[in-house]
Every structure is written in C-alpha cells, then in structure tokens.
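Start counting the sequence shown at 1; every next residue gets the next number (this note's numbering). The C-beta atom is built at its ideal place from N, Cα and C for all residues, glycine as well.
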Amino acid sequence: MSIRNISTTPFQDQKPGTSGLRKAVTVFQQPHYLENFVQSIFDTVGDLRGQTLILGGDGRYYNRPAIQIILKMAAANGVARVKVGRGGILSTPATSCVIRKYNALGGIILSASHNPGGPEGDFGVKYNSSNGGPAPEKMTAAIFDRSKVIDHYKILTAPDVNLDTLGESKLADMVVEVIDSVQDYEKLMESLFDFGKIRELLTSGNFRMCMDSMHAVTGPYAINLFEQTLGAPKGTVINGTPLEDFGDGHPDPNLVYAHELVEILFGDNAPDFGAASDGDGDRNMILGRKFFVTPSDSLAVLTANATLVPGYADGLAGVARSMPTSQAADRVAADLGIDCYETPTGWKFFGNLLDAGKATLCGEESFGSGSNHIREKDGLWAVLFWLNILAVKQQPVEQVLKEHWQKYGRNYYSRHDYEAINSDRANQLMANLHAQIPNLKGKKLGNYEVKYSDDFSYTDLVDGSISENQGIRIGFTDGSRIVYRLSGTGTQGATLRIYLESYEPDSSKHNLDPQQSLADLIAIANEVAQVRTFTNMEKPTVIT
Ligand code: G6P
Ligand code: ZN
Numbered sequence: 001m002s003i004r005n006i007s008t009t010p011f012q013d014q015k016p017g018t019s020g021l022r023k024a025v026t027v028f029q030q031p032h033y034l035e036n037f038v039q040s041i042f043d044t045v046g047d048l049r050g051q052t053l054i055l056g057g058d059g060r061y062y063n064r065p066a067i068q069i070i071l072k073m074a075a076a077n078g079v080a081r082v083k084v085g086r087g088g089i090l091s092t093p094a095t096s097c098v099i100r101k102y103n104a105l106g107g108i109i110l111s112a113s114h115n116p117g118g119p120e121g122d123f124g125v126k127y128n129s130s131n132g133g134p135a136p137e138k139m140t141a142a143i144f145d146r147s148k149v150i151d152h153y154k155i156l157t158a159p160d161v162n163l164d165t166l167g168e169s170k171l172a173d174m175v176v177e178v179i180d181s182v183q184d185y186e187k188l189m190e191s192l193f194d195f196g197k198i199r200e201l202l203t204s205g206n207f208r209m210c211m212d213s214m215h216a217v218t219g220p221y222a223i224n225l226f227e228q229t230l231g232a233p234k235g236t237v238i239n240g241t242p243l244e245d246f247g248d249g250h251p252d253p254n255l256v257y258a259h260e261l262v263e264i265l266f267g268d269n270a271p272d273f274g275a276a277s278d279g280d281g282d283r284n285m286i287l288g289r290k291f292f293v294t295p296s297d298s299l300a301v302l303t304a305n306a307t308l309v310p311g312y313a314d315g316l317a318g319v320a321r322s323m324p325t326s327q328a329a330d331r332v333a334a335d336l337g338i339d340c341y342e343t344p345t346g347w348k349f350f351g352n353l354l355d356a357g358k359a360t361l362c363g364e365e366s367f368g369s370g371s372n373h374i375r376e377k378d379g380l381w382a383v384l385f386w387l388n389i390l391a392v393k394q395q396p397v398e399q400v401l402k403e404h405w406q407k408y409g410r411n412y413y414s415r416h417d418y419e420a421i422n423s424d425r426a427n428q429l430m431a432n433l434h435a436q437i438p439n440l441k442g443k444k445l446g447n448y449e450v451k452y453s454d455d456f457s458y459t460d461l462v463d464g465s466i467s468e469n470q471g472i473r474i475g476f477t478d479g480s481r482i483v484y485r486l487s488g489t490g491t492q493g494a495t496l497r498i499y500l501e502s503y504e505p506d507s508s509k510h511n512l513d514p515q516q517s518l519a520d521l522i523a524i525a526n527e528v529a530q531v532r533t534f535t536n537m538e539k540p541t542v543i544t
C-alpha cells in the first residue's frame, strides 16, 4: 500500500448548497471531481491525525465506489479511524447520532437527500462537524475556497475494503470499522420514547400503521424498530429495501411523490396512521386516516404535547422554525411561555441554538423536524414522537389536530413550487420582487393590506454571523404572509417556492381546503411576482 500524491486542477462549481455539494452522478464521475472536493474538506477541517471520522450514505447509485475512494483518501490523509455503516449505509440522523456518541471529528454523508438516484440521478457529499450537525456556512465557504485552488490530493493505492462484514480491518495505519447501521440509533430512540406504550398501541389490534420507506435508507431502520422491536405486524413497512435508484421513484415524502402511501391512507379500509421518509431518512410526512398533517402543524403539535414523551417530560427550552414555516408553533410557544426562534431555511441554522440550549425542538415546512438529541432533522424520530403522543392520548390523528386548532387557531398553509425553470428568468423574477419591496408597505392588495415587506436577513444569536437574502416576505396586517425563495437544493435550473399562510381563529372555519381558503393570497402572490410571465408556467409543478 502506498500513498500517492495526485496532481489535479480545480473545478469552479464545487460550492456547497443548502445541504452539501449536490450534482448529477455524471458530474461526480468526472475524473478527480469527488477527490478534489473530499481533499478540500480534509484540508479545511483541521488536523486529521489521531481523529475518527464517520462515513456512510443513503445507498444511492455511486455510494459504494465513493466510499472506497473516500476511505483510501482518509487513510492517505492520516485519519486514525473511520467508522463506516455496513454496506455503506447510514441514514443522515444515524450519522449525526454516531458522530456525537463516539466524539468523532466529523462525518461525511453521501446523499442527495430526496433527489432521485440512479446513473441519471443525483449524488451528493456533505460534511458534518463534531457536534453532529451540517458544517456551518463559514466552514462550507472555506471548503469552497479551497476547492477553487486545489492542485493535488492524496490517496492510498490499496484493494477495496469489505463493507459487508461487521468488524475492523486496516488500510495502511488507519482502522476501518464496519458498524451496524441501526444499533446506536435505535438505542438513542429507546432513550427518548416510551417504547412500552408504543408497543401496546401497535399490538393492541385497534391500531394499524403503514410506514413507507420509499426504497430509501430508512428501510432497515424502520423494519427493525416497528416490526421487530415494537411488535407491528410484518408488512407494516412498505418499500423497505434500499435500492440504488429508489425503485425509479422520487424519495421525497410529500403528497405528490409519496403517492403510494397517500393512496393507502386515503383509500378504503385505510390504516390509522401513515408516515414516509426521504432518501437519507431525515425528512418525514405524517398522515392520519384520510388526513394530512402539514409539517408546520406537526411541529406545533409536537411542541404542544412534548411533555407526554419521556425524553421531553421536563419541558422545552424553546422551539425554532425556519422562516417560511408557518407561525403555528409560535402560538404554542407563546402559550407555553417559551421562546420561538425564526431562522433561514436549512437545518444548519438550528445548530447553534441547539448547542447553546436555547431550543429543544426544531422544524421546517420542508417536511423536517427534530430535536436536541442530534444535530440533523430526523424522520423516524418524528414518527416515533407521533406514535408516542397517539399512544398516550388514545385519539385519532385528525382529532389531535382538530383539538389543537380549536385551542390555538388554524394556520392555513401551502407551498407552491415551480420546478426546473430557467435560472436567469428565476433571478429576474426575484430581482423584480426585490425592486418592489420599498413600495409595498401600506399598499392594499385585494382585501389584504401590506404591513411589512423585506428580504429576510438573520443574525445568529450565538456567533453573530449574518445571513442575508434568505427570502422575500410580504406580511399583511391580519398576520397572513407570502414568502418567495429560490430553492438551494435543486440541480436542474431553478426552483421557485412560494409559501402561503393565513390565520383562522374561528373553529367553524377550520375544515376548508387550504387551496380554497388561501385562494385570494395565491392570486395576489402570482400577480405581484408575475409568476406566469417569468416562469412560462400555468401552474405549480408541486403543491404541498
Ligand atoms: C434540505 C435542508 C433543509 C431545507 C430543505 C429545503 O432538506 O436540510 O433544511 O429546508 O433542504 O431546501 P430548499 O432550498 O430546496 O427549499
Ligand atoms: Zn433528506
């Protein structure tokens, strides 16, 4: 085995987005592309000697070859030990859990989250630091800077490592430890939730659930947890085998892409509870029988009922949500007398609040929720949280939500996405909106009056760093909002997201279709931004 110093030239496009470097598989397969980025990470994160790294991915196409390359580079760069998930599989939340548990320097997660996989699909590389969370912006910016000047990388010449047998082997001086992907994570879940009560619920004969792993990474975790540990019948988990192309699906747990689960939960003889998770296991969707729980409402319900769950029985320090997420959680926080923080889109912005003990629960409209147990959002954690609440309350999901709205009012909410639009046109649309910001205040738009309008800027409470241009907000005097953002996770052209929210205190008006109750706001949002003109599209590609 010998260490080789390979000369290389920089790629100019290795700027990490909302969640790591995400590109088409074919881009990553270019000679030196993956190696350049990984060496840029290694050159940035500090002295690797004597350190442990965690490595795993969501099992998508190119996962295994990438893991072999990264292991050989880690060995050549002086890393002491790499813990790698068996078969190269580790969900994003499990990686975060393992980084924290074993005091690792950090971890590399190979995933493009909910983007489709396969030779024609996407791949991604993300670095998480020692707190288990996504590298902060300062670090990703430094990695990007490094990638623009890199002129060599180090790699070991060695045969591939066997990733399928648990235990230790050596790559030069580095120990490669293949670990069980599920065990540490399951132990953590057991320490937070009342497994006894959940088991009673799942084996009572009066409650059926369906978990859709969408042929992605949570399959083995969900089968272990729900069917083996918690006693749910075999078949409770559907699409439970991780496949390199996710069975040609789009592993994004929303009403559009998780249609198989939606059809089951909205069909005849529907089960009581349904859930889905995404490619790398950090997102979740929660359904009741013929009932959809918006992610924003889910965060509000978890916050309101947290003390029913052993891990949160002492109450919450605070709650945090991303800016475009509805203000439903704010109302609960106000009632509980705890702080509610508003951060830009991207889980990394919660990291400092969690580390500083300011927030306990966090959530985003983009189907993510989590807590201070790790530093990533956590799909199966959310499912277990819901099951724990249902097991205590002994109520159907729909009733839990209706009673919640009765107490706090309902925040009607919807997101309209225009995917794969021309990037220049998308930027023009945003520039056009930007130009309108100073003139909107006090203006009447339909029946709404503009209270404020701005481009959201966030100052981190802990390190003082400022993140600007995080989305254009138009707030109305009755508390309704329209928010516009361009997605930071897409790989084709640009995706425009329009977030719509209104507040309804009157419980006799809590049973409307959100698209209807938001219809006026939707029309205003389209008109102000001239969506049709700029996108050339008649309607959104995805509505959630
Ligand atoms: C990832 C991040 C989330 C973020 C989401 C949406 O899942 O981890 O924190 O909310 O992407 O990002 P986008 O920029 O596509 O709206
Ligand atoms: Zn994800």
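Checking 9 Å against the spacing of the C-beta atoms, do L55 and L71 come in under that value?
Here the question's residue 55 lines up with position 55 in the sequence shown. Here the question's residue 71 lines up with position 71 in the sequence shown. It is a contact, given that the beta carbons lie within the stated cut-off.
Check whether the Cβ atoms of T303 and Y413 lie closer than 9 Å to each other.
In the sequence shown, the residue the question calls residue 303 occupies position 303. In the sequence shown, the residue the question calls residue 413 occupies position 413. For T303 and Y413, no; Cβs fall outside 9 Å.
Cβ-based neighbour list, N411, same chain, cut-off 7 Å, excluding 5 preceding and 5 following
As a first step, residue 411 must be located in the sequence shown, where it is residue number 411. Excluding sequence neighbours, N411 sits near S296, S326, Q327, A328, E501, Y503.
Pairwise C-alpha distance: G274 and E449
Counting from 1 along the sequence shown, the entry for residue 449 is found at position 449. Counting from 1 along the sequence shown, the entry for residue 274 is found at position 274. The straight-line gap from Cα to Cα measures roughly 39 Å.
Got a sec: does the ligand ZN put a non-hydrogen atom nearer than 8 Å to the Cβ of S111?
On the sequence shown, position 111 is the one that residue 111 refers to. Checking every heavy atom of the ligand ZN against the Cβ of S111, one is found closer than 8 Å.
Using only the alpha-carbon positions, how far apart do M323 and D160 sit?
Looking up residue 323 in the sequence shown gives position 323. Looking up residue 160 in the sequence shown gives position 160. Cα to Cα, the separation comes out at about 45 Å.
Pair within 9 Å by beta-carbon distance, E342 and L445
Working through the sequence shown from its first residue, we reach residue 342 at position 342. Working through the sequence shown from its first residue, we reach residue 445 at position 445. Against a cut-off of 9 Å, the Cβ pair of L445 and E342 comes out as no contact.
Ordered along the chain, which non-local residues of its own chain (more than five positions away) have a Cβ less than 8 Å from that of M209?
Within the sequence shown, residue 209 is the residue found at index 209, counting from 1. The residues are L202, F226, A232, T236, P271, D272, F273, G274, A275, L387.
Paired residues, beta bridge with A494 - DSSP:
Numbered from its first residue, the sequence shown carries residue 494 at position 494. Under DSSP, A494 takes part in a beta bridge, and its partners are I421.
Hey, how far is the Cα of G337 from the Cα of I472?
The sequence position of residue 337 within the sequence shown is 337, counting from 1. The sequence position of residue 472 within the sequence shown is 472, counting from 1. Going from the Cα of G337 to the Cα of I472 covers about 29 Å.
Give the list of continuous alpha helix (DSSP H) stretches no shorter than 4 residues that lie fully inside the segment 126-185.
137-147
In the structure shown, what three-state DSSP assignment does A270 receive?
The count along the sequence shown starts at 1 and reaches residue 270 at position 270. In this structure, DSSP gives A270 a state outside helix and strand, which the three-state scheme calls coil.
Three or more C-beta pairs under 8 Å: does that hold for the segment 413-422 against the segment 484-494?
At 8 Å Cβ cutoff, the stretches touch.
Of the listed residues E468, P251, L287, nearest to F266 (C-alpha basis):
Working through the sequence shown from its first residue, we reach residue 266 at position 266. Nearest option by C-alpha distance: L287.
May I ask you to report which of helix, strand or coil DSSP gives V392?
Counted from its first residue, the sequence shown places residue 392 at position 392. It is helical.
Sorted by chain position, which residues of the same chain lie with C-beta nearer than 8 Å to T52's C-beta, five sequence neighbours on each side aside?
For the purposes of this step, residue 52 is taken as the residue at position 52 of the sequence shown. When the five nearest sequence neighbours on each side are left out, the beta carbons in the same chain lying within less than 8 Å of the beta carbon of T52 are those of V79, A80, R81, V82, K83, Y102, N103, A104, L105, in order along the chain.
Is the segment 211-221 in contact with the segment 122-129, if contact means three or more CB pairs nearer than 8 Å?
The segment 211-221 and the segment 122-129 do not touch, with fewer than 3 CB-CB distances between them shorter than 8 Å.
What span of residues does the beta strand (DSSP E) with T52 cover, start to end?
Sequence index remark: in the sequence shown, residue 52 carries index 52 (1-based). It spans 52-57 - the beta strand (DSSP E) in which T52 sits, taken as one unbroken run.
Closest to Q436 by C-alpha separation, out of Y499, H404, A525, would be which residue?
In the sequence shown, residue 436 corresponds to position 436, counting from 1. With distances taken between Cα atoms, Q436 lies closest to A525.
Could you compute how far the alpha carbon of A431 sits from the alpha carbon of V483?
One-based indexing of the sequence shown puts residue 431 at position 431. One-based indexing of the sequence shown puts residue 483 at position 483. Cα to Cα, A431 sits roughly 14 Å from V483.
Out of A76, H250, I41, which has the shortest C-alpha to C-alpha gap to I6?
Reading the sequence shown from its first residue, position 6 is the one you call residue 6. The candidate whose alpha carbon is nearest that of I6 is A76.
According to the neighbour-count rule (16 or more other Cβ atoms, all chains shown, within 10 Å of its Cβ), is N269 buried or exposed?
Position 269 of the sequence shown, counting from 1, holds the residue named residue 269. By the neighbour-count rule (16 or more Cβ atoms within 10 Å), N269 is not buried but exposed.
Report yes if the C-beta of L381 is less than 8 Å from at least one heavy atom of the ligand G6P; otherwise report no.
In the sequence shown, counting from the first residue as 1, residue 381 sits at position 381. Checking the sequence shown, residue 381 turns out to be Trp, not Leu. Not so, every heavy atom of the ligand G6P lies at least 8 Å from the Cβ.
Could you tell me whether any non-hydrogen atom of the ligand ZN is closer than 8 Å to the CB of H250?
Taking the first residue of the sequence shown as position 1, residue 250 is located at position 250. No - the ligand ZN has no heavy atom lying nearer than 8 Å to the Cβ of H250.
Let me check you understand the geometry: is the CB of H114 closer than 8 Å to at least one non-hydrogen atom of the ligand ZN?
As a working mapping, residue 114 is identified with position 114 in the sequence shown. It does: the Cβ of H114 is within 8 Å (strictly closer) of some heavy atom of the ligand ZN.
According to DSSP, simplified to helix, strand and coil, what is T18?
By 1-based counting over the sequence shown, the position of residue 18 is 18. Looking at T18 - three-state DSSP - the assignment turns out to be coil, as it is neither helix nor strand.
Can you tell me which of P136, D355, G311, I223 puts its alpha carbon nearest to the alpha carbon of P242?
Here residue 242 refers to the residue found at position 242 when the sequence shown is read from its first residue. Of the candidates P136, D355, G311, I223, the one whose C-alpha sits nearest the C-alpha of P242 is I223.
Determine the direct distance from the alpha carbon of I543 to that of S507, and round the result to whole angstroms.
Position 507 of the sequence shown, counted from the first residue, corresponds to residue 507. Position 543 of the sequence shown, counted from the first residue, corresponds to residue 543. CA-CA distance, S507 to I543, rounds to 25 Å.
Please state whether the Cβ-Cβ distance between G85 and V176 is less than 9 Å.
Translated into the one-based positions of the sequence shown, residue 85 becomes position 85. Translated into the one-based positions of the sequence shown, residue 176 becomes position 176. Contact: no.
Residues of its chain near N305, where Cβ-Cβ distance is below 7 Å and the 5 sequence neighbours each way are ignored
What you label residue 305 is simply residue 305 of the sequence shown in a count that begins at 1. Closer than 7 Å at Cβ, skipping near neighbours: I389.
Taking 8 Å as the cut-off, does the CB of T18 come closer than this to any heavy atom belonging to the ligand G6P?
As a first step, residue 18 must be located in the sequence shown, where it is residue number 18. At least one heavy atom of the ligand G6P is nearer than 8 Å to the Cβ of T18, so yes.
Less than 8 Å between C-beta atoms, sequence neighbours within five positions excluded: which residues of the same chain meet that for A356?
As a working note, residue 356 is residue 356 in the sequence shown. Around A356: L461, V462.
Is G368 a contact residue of the ligand G6P, with contact defined as CB to any heavy atom under 8 Å?
Within the sequence shown, residue 368 is the residue found at index 368, counting from 1. Within the cutoff, so yes.
Best match in P344, H510, F246, G50 for proximity to T459 [C-alpha to C-alpha]:
For the purposes of this step, residue 459 is taken as the residue at position 459 of the sequence shown. Measuring from the Cα of T459, the nearest candidate turns out to be P344.
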